[in-house]
Structure formats: C-alpha cells, structure tokens
Amino acid sequence: MRKAVAVFRACFLFLAPLTLGLVSIPAPAAPPNGLAKQLDALIEGPDYKHATWGIVVVNAKTGETVYERNPEAMLAPASVTKLFSCAAALVAIGPDSTAETVVYQRGARVNGTLHGDLILVAAGDLTFGGRTKDGKTVFQNHDHTYANSGLGECALTDTDPLAALNDLAKQVKAAGINQIDGEIAIDDRLFVRTRSSGSGPDAVSPILVNDNLVDILIAPGAKPGDPAKVTTRPESGYYQCDSLVTTSDEKSAASVQLLPVGANQFAVRGKIPVGSKPLLRIYPIDDPTQFARSLFIEALRRNGVKPSAAVLRQALTILPTKDAYAELTKVASFQSPPFREAIAVTLKVSHNLYASTLPCLIAASKGQETVEAGLREERKILEKLGVDVSQISFGGGAGGASADHVTARATVQLLQGMAKRPEWDAYKAGLPIMGVDGTLADVVGADSPVRGKVFAKTGTLVWFDAANERVLLKSKALAGTMTTKAGTPLYLAIFVNNVPLPTGIGPGREGKLLGKLCEILHDAGP
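The C-terminal residue of the sequence shown carries number 866 in this note's numbering, and the numbering is unbroken.
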C-alpha cells in the first residue's frame, strides 16, 4: 500500500437571483423518542473513543433540528467537499450549458493541402466524448480513476475514449483537408494548469482525454505459467508499456506492480491467478496537452488526413492571440453533453479530477484563470446560497487538500440553499443513491429500508500509519437528503474524523456504519 493514500472518492450566466443571508437552523427540538439513544449507542462505541464526530440532521420541511453533535466543529469532509464544488459550478455555469471544442485552420488550403497549422482549442470538456454510449453519459460504480488505490475492483465503461478526437478528425477530412504540412497544436490557455489533491490522475488541464490516463488491463492466461495478456487503452505511440506478467495458480493472490521507468514509459510486472477476472491498473499522464496532441495526430491519420507533424515532438508553433481566432476558419467542432451530466459523474463516482477542475471552470466563467480565483468565486456563491463561509475552508475542489475543512452545520446550510435554486433537480439527480449506484451502491443490502431513499455524497480519506502498520481513517463522511419511514424529508451531514482502524480493516466498515445510522434515522426519525 502506498505510504499515503488520499481517496475522495458557451456563455456562463446565473440562472436566477441568489438568496442573500445565512440559512437559519432553529434550535434543536426534542429528538423523536429513542432516536438519540440509538444514534449515540453507535457513535459512542469503543471504536470511536479517539474520534471526533460532527452531525447535523434537520427536517427539510420545517428546518427544525432532529439531531446534532458538534455541529460547528471544523472537520475534514473528504469528498463531501465535492458537494460544495459541484453546487457552485452548477450555479456559475448552469446545468444545461455545453462546452464547444473547436478546431481552426491557420494558413491557406490548396488542392486539399493545408499550408499551415491545425489548432484545437480546449474548452474544459470534462468527459470529452469518452463516457458517451448510445447518446447517454455512463459510469461504473467503481471508476477506473481509482484502479491504483487498492480499495476495490474498478471497471472500464464500454465507451470509446477517443470518440471526440475521431469525430473531429472526420470533420477535418470532410472539410476538404487531406494533408497538413504545418503543425498540430492544442491551445490549453482556458485556465492555468494545476494539480488535483485527490487520488488518481492529478494533472488538471483544460484538455482531458480518457481522464488524462492510460488504462492497463491484465488478464490471466489459460494455465499457470502462461504469460498474462496485457492491453492498454487508448493505444498510442505516445507512451511505451513493457509488460511481463505471468499466470499463477488459482489459489494464489494477484500481485501486479506498475513501475515508471522514464518519460511516458512504464513497466508492468507481477502475477495474476488463472481463472481470475482481468485486473485494471492506470498510468496517469503528466502532460495532458501533449497526450491530446499525439492522440489527435493519430486520429487524423486513421481518418485519412496526413499531417506531417510528429507524434512525439512538442508543437513547434506560436499560438494565435485569443482575439485572433475570430479571423481563422473553423473546420471542426465537438459539443459536450449538458454540464449536469459531467456533474453527475463527478458526484456519483467521486471523480477527483473533474472536481479539481471545477474551480478552474468557475474562474474561466468569470474571465479569470487560476484555481485560487475560482475558489474565491465559489466562496461568493456559497455565501449567497446561505452558507456561513466562516465555517468552510477549501484548498481545492476534490477534498484531499490539507485546508479542506467544513462544519456539519455549513453542509446542511448548503443543501437548504441549493434546494431553493433551479439547479436543485440536477444537483440531487447526481447524488449517489444508497444501495443503488455510485459510491453508495454497496453500503446497504437489497432488503435495507433505506435502499433508494438516501441521496447523498460520500467521503473517505485514509492515511497509512507506518508506526503501527495500520490505516488511520482521517475522514468518513456522508451528506445529502433522505426520507424517513413516516415520509419526512431530512437533510443530513455526518462526519467522523481520526479513527484508527485495526489491522486488516478498511474504511468500508465505517461506510456500513453510516448506512446503519441512516436506517435508524429512517425508522425512528420524525
């Protein structure tokens, strides 16, 4: 296990006036008979004698507090941070807005040959065609971006990660360009590059292809001793994969290591048991712009266009000024799905890279370029939603930054404020559903009374305690909305920080505990 693992699991307009002032939560009423006793029995158990809890549960209709504990303690929310990032992005950008990625030609076209450059202008399209199947944006409950985390089996979507680039290449061909004797360039100046604070790919850029990573799928051979089959996605000459994985006895455990050996070069070593499911690993790309450029050149070649530009070379050209594009010829464009669909993926699978990009997109919507500017704009939006911003602290959009701390009170204020907004339907629709999908799919069983009744964002942040050879659960969190057995809608925020886990125990134990707390709220709540 890694020494430190962080898991968190157009024109931009405001669509409606924002409500000014903090959301007021009335003083606690007497909890329903037996509710507090049942909740306290779990959260005061021996496993949590060193932990800190922060909980607020309110009646969504009346605003009355149903239960609270340390409601204004600043705690690490882990990926519940994404509730704040996604809310601010939906308000700033709009759930139905789309991003258009455009390809321009610079230079003269003569008899099918472009004597000049082809320039793709990145628009911050988070999914960029790579998650679309039959016209719908799809996801797996355990996203491929978590494949190196060691916290569960991850899977690939049955989609084409190069769909957008292939589509653009076909349009270039249809425009009458058969050959290009200039450069192929990517304009990535929408915002300044930064780094994600979450696990998975961490290079935050306006251009994303296959979530800025290479998927590596390892399948066992027919019998022990056979070489395993190692395939990569997307295939490209941009990187080199040296694989040597053998098939082991069916009773053995899989052991596969991914070893970086040079710039865009990696080795795969280890063993995989015969008869086992294919194993997924990922190689994050450090330079998304050059990755996209190489993939675009290859897409052009596949679709009948002959660029002279080299796949493995930096683009040797000076980009035009942003104003100069108005004078250039548009030869291709790709339209993203509505923004709400990218937000849904971000929330459902707790996508760290997308969430880390959101503050940058918020900044770009205001004509700014840095993640810090985006976070300041996010603060303004949250304050107008009714969140007490003195009770929040963010260093990024995903939940893994050291600065990321919030209170349970502020989190419920966020939910209350969003519920009054026209973006609420898109926001709620993106939340994982307990026992059904996303990061809540496996928290409760099929017979649980809360299955399908809790719409909430999860959060998990763990660190390896080398001194004790165990895991320290820095944060386990849940925040969202649910309906009780009596039909009462609730808003809830539940955080627990600093839980030392026994050897061999993972954070899934606390995930099941959060499910149990919801079952108590469902049965004994108002």
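From the three backbone atoms N, C-alpha and C, an ideal C-beta is built for every residue, glycine too.
The model shown is predicted, which means the values in this text are computed figures rather than measured ones.
Here S583 carries a strand assignment [DSSP, helix/strand/coil]. A direct Cα-to-Cα measurement between R633 and A400 gives close to 49 Å. Collapsing the DSSP output to three states places P628 in a helix.
Looking only at K670, L619, L620 and Q580, the smallest Cα-Cα distance to L652 is reached by Q580.
Contact between R535 and V544 holds: their C-beta atoms lie close to 6 Å from each other, under 8 Å. Distance from the CA of T453 to the CA of D521, rounded to the nearest whole angstrom, comes to 7 Å. For N837, the enclosing beta strand (DSSP E) begins and ends at P829 to L841. Looking at V839, V671 and H482, the one whose alpha-carbon comes closest to that of G447 is V671. The beta carbon of C426 sits closer than 8 Å to those of I683, T686, L687, A695, L698, Y767 and G770, all from its chain and outside the five residues before and after it, given in chain order. When DSSP assignments are scanned along the region 434-474, the uninterrupted stretches of beta strand (DSSP E) that are 3 or more residues long and fall wholly within it turn out to be 440-450 and 453-461. In the three-state scheme derived from DSSP, where H, G and I count as helix and E and B as strand, P386 is classed as helix. In the DSSP secondary-structure assignment, R533 is not bridged to any residue. Contact between Y831 and T821 holds: CB atoms are separated by about 6 Å, below the 8 Å threshold. The three-state secondary structure of Q708, taken from DSSP, is coil. Restricting attention to L382, T421, G385 and A376, the CA atom closest to the CA of S733 is found in T421. P647 counts as buried, since at least 16 other C-beta atoms from the protein chains shown sit within 10 angstroms of its C-beta.
Residue state for Q597 is assigned as strand, using DSSP reduced to three classes.
DSSP places G865 outside any beta strand (DSSP E), giving it a letter other than H or E. By alpha-carbon distance to L423, the top candidate from T402, L818 and G846 is L818.
DSSP places P613 in the strand class (E or B) of the three-state scheme. For G799, the secondary structure class from DSSP, reduced to helix, strand or coil, is strand.
Comparing alpha carbon positions, the residue from G469, G778, A748 and N481 closest to S676 is G469. Inter-residue distance for L496 and G714 is about 31 Å (C-alpha atoms, whole angstroms). Your pair N481 and G778 checks out as a contact, with CB atoms roughly 6 Å apart and the cut at 8 Å. DSSP links P647 through a beta bridge to I520.
By the CB criterion at 8 Å, L841 and R810 fall inside the cutoff.
Around the beta-carbon of E667, fewer than 16 other beta-carbon atoms lie within 10 Å, marking it exposed. With contact defined as three or more Cβ pairs closer than 8 Å, the region 836-851 and the region 750-768 are not in contact.
Rounded to whole angstroms, the gap between the alpha carbons of T657 and V478 is 37 Å.
The Cβ atoms of N838 and T392 lie closer than 8 Å to each other. Following the DSSP letters along the chain, one finds T392 inside the beta strand (DSSP E) bounded by residues T392 to N399. Relative to Q756, the option among V397, E440 and A826 whose CA is nearest is V397. With contacts defined by Cβ atoms closer than 8 Å, I845 and Q378 do not form a contacting pair.
Around the C-beta of G475, fewer than 16 other C-beta atoms lie within 10 Å, and the residue is accordingly described as exposed. Looking at the backbone, the Cα of Y623 and that of L635 are separated by about 16 Å. Exclusion of the five residues before and after E412 leaves T747 and R749 as the residues of its chain whose Cβ lies within less than 6 Å of its Cβ.
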